[in-house]
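Remarks on the structure that follows.
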Amino acid sequence: MPAILKVLLAAGWLYTVATWIWGCVTLNVVLVHVGWSYDYTKKGAALISNVEWSLCVFMLVATYLSYIVIVLLLIAKKKVMTKKSHRQETSIFLQASFILLYMTVIVVTWHHAGSWLAETKTVDAVVHGIWILYSYCNPLLLLFLNRTFRMKVLHIIGKRKKVVGSTAMFTGTRTPRRTL
């Protein structure tokens, strides 16, 4: 493992542990309606909130730039790609783009909903609902963008023919009889 990667992993681990210990010592979070929020009357809560926000935004940007680099590398090797693999890579990029956009909306909403909107139970419910719906993004996008996966799911629920690999085969429910 490269030294820079070890340093980054160690820094991330130290930040996580320090944040957890600092939160336990200062009790800088408070239960608000149905979720946790920073208690800005406590020492260090504003700093940790800003660091969390900065790291979230940085990681989202770094992730999307990685996706773009991967797509550019695939386009550079387009000569060896088949039409099917190009379509699959496009689907994966669309899925990654949607998930990244959705996560960006979640992070921005989570951190700034209180300053944009009145803090009511309805606003909290909507923000938490957005978080809950996020867990369904990957499976639903996989279902919509991946034909093989979609056919396997439809076969399981009994709506389509059986799929083996990427080849579809019709299957019957009865086995043929042997006659002597």
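Per my numbering: the sequence shown = residues 1419 to 1598.
No residue lacks a Cβ here, since even glycine has one placed at the ideal position from N, Cα and C.
Distances from the alpha-carbon of Gly1441 to those of Pro1557, Cys1474 and Trp1454 put Trp1454 closest.
As a beta-bridge residue in DSSP terms, Leu1449 pairs with Trp1454.
For Pro1420, there is no enclosing alpha helix (DSSP H), as DSSP gives it neither H nor E. From the listed residues Ile1575, Ala1429, Leu1535 and His1546, the smallest Cα separation to Leu1473 is found for Ala1429. In the displayed model, Asn1564 falls within coil according to three-state DSSP, outside both helix and strand. Scanning the segment 1506 to 1580 for uninterrupted alpha helix (DSSP H) segments of 4 residues or longer gives 1539 to 1552, 1555 to 1563 and 1565 to 1574, listed from N- to C-terminal end.
In the DSSP assignment, Thr1481 falls within the alpha helix (DSSP H) that extends over Ala1463 to Ala1494. Thr1437 sits in a helix when the DSSP states are folded into three classes.
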